[in-house]
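Trainee: Residue numbers (the UniProt record's numbering): 1 to 61.
Would you mind keeping the following structure in view while I ask a few things?
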């Protein structure tokens, strides 16, 4: 993969991670049902962790 492709992939992954963070914040600010909130947070953090691993792999961190 070229440097340009790596940079684009990195930018895409960071944007996805940031969107997930915004979703988590929205859920925590708006949902009242703690079980729903916990479940959604768990699912989103799972996805976020996968994105973080892909970012790390991209740069062999």
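Idealized CB from N, CA, C, for every residue including glycine.
Taking C-alpha atoms, which residue in 1, 16, 6 and 2 lies nearest to residue 50?
Mentor: Ranking the options by Cα distance to residue 50, first place goes to 16.
Trainee: Of the choices 47, 1 and 60, whose alpha-carbon is the least far from that of residue 80?
Mentor: Given a span of 1 to 61 for the chain in the structure shown, any question on residue 80 remains unanswerable.
Trainee: Taking only the alpha-carbon atoms, compute the straight-line gap between residue 35 and residue 27 and give it to the nearest angstrom.
Mentor: Taking the straight line joining both Cα atoms gives about 12 Å.
Trainee: Mind reading off the beta-carbon distance from residue 3 to residue 55? Whole number of angstroms is fine, and I expect it under 8 Å.
Mentor: No, residue 3 and residue 55 are not in contact; Cβ-Cβ is about 16 Å, not under 8 Å.
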